[in-house]
Amino acid sequence: MEQVMAMTETPAEITVRLRDAITRLNRRLRQERPVGDLTVTQLSALTSLHLGGALTLRELSDVERVQPPTMTKIVAKLEERHLVQRTPHPTDGRQVLLSATAEGAAVLVSYQKMRDEWLASKLANLTPGERDTVARAASILEALARA
1389 MEQVMAMTET
1399 PAEITVRLRD
1409 AITRLNRRLR
1419 QERPVGDLTV
1429 TQLSALTSLH
1439 LGGALTLREL
1449 SDVERVQPPT
1459 MTKIVAKLEE
1469 RHLVQRTPHP
1479 TDGRQVLLSA
1489 TAEGAAVLVS
1499 YQKMRDEWLA
1509 SKLANLTPGE
1519 RDTVARAASI
1529 LEALARA
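Numbered according to my numbering, the sequence shown spans residues 1389 to 1535.
Take a look at the structure:
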């Protein structure tokens, strides 16, 4: 694997490289799912429901940054596969809450396992020093995400 030294790069230059690398890695990880299965959008909505708990359609639309009519179509596809369920809203009878089903959670675990296995196989090809660098970078990225 090519060693790239960033000692003389400006924060702006590092920003561009880092953003591009994260985008490409994320895109590659998303490809590690069964072809013809859930779309990226469906998977994202299901993940938001699994991580965020029960949400209204409007809340889910806001989290996913799509319009409610678009989210209605996404949720309908997830419901067809029994990955999402609707329950009455406890305080507003006009609304329903959407949540991931146990089957939906299992699909997410399965997808995560596929992505983790792919990434672990790539990390196994690195030298111990490179893996150590990636581990340190992961810690730094986690801290950036919390900032």
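For every residue, glycine included, the Cβ atom is placed at its ideal position computed from N, Cα and C.
Label residue i either buried or exposed according to how many other C-beta atoms from any shown protein chain fall within 10 Å of its C-beta, with 16 as the threshold for buried.
i	result
S1527	exposed
L1437	buried
L1439	exposed
M1389	Reliability fails at M1389, whose pLDDT of 48 lies under 50, so the model's placement of it is uncertain and the value that follows must be treated cautiously. By the 10 Å Cβ count, M1389 comes out exposed.
L1529	exposed
L1511	exposed
T1515	exposed
Could you give the distance in angstroms between the alpha-carbon of residue i and the alpha-carbon of residue j?
i	j	result
V1522	G1481	50 Å
A1508	L1466	29 Å
A1531	A1525	10 Å
A1442	L1434	11 Å
S1487	T1429	16 Å
R1519	N1513	9 Å
R1418	Q1455	23 Å
V1497	R1412	22 Å
V1472	G1517	43 Å
A1535	E1420	29 Å
A1353	R1415	Lying outside 1389 to 1535, the shown extent of the chain, residue 1353 is not represented and no answer is given.
P1457	R1405	36 Å
A1490	A1400	44 Å
D1450	R1407	24 Å
Would you list the residues sitting across from residue i in a DSSP beta bridge?
i	result
L1443	L1486
Would the C-beta of residue i count as close to the ligand SAM, meaning under 8 Å from any of its heavy atoms?
i	result
R1453	Inclusion of the ligand SAM in the displayed structure is not the case, the ligand content being empty and no account of it being possible.
Fill in: Ranges of the alpha helix (DSSP H) found wholly within the stretch 1389 to 1433, counting only runs of at least 4
Taking only runs of at least 4 residues, the alpha helix (DSSP H) segments lying wholly in the stretch 1389 to 1433 are 1399 to 1418.
Discussion item. Tell me whether the stretch 1501 to 1521 and the stretch 1448 to 1468 touch, counting them as touching only if at least three CB pairs, one residue from each stretch, are closer than 8 Å.
Written reply: With a cut-off of 8 Å on Cβ pairs, the stretch 1501 to 1521 is not in contact with the stretch 1448 to 1468, counting fewer than three such pairs.
Practice prompt. Would you list, in sequence order, the uninterrupted alpha helix (DSSP H) runs of no fewer than 4 residues that lie entirely inside the stretch 1449 to 1498?
Written response: Segments of the alpha helix (DSSP H) lying fully in the stretch 1449 to 1498: 1456 to 1468.
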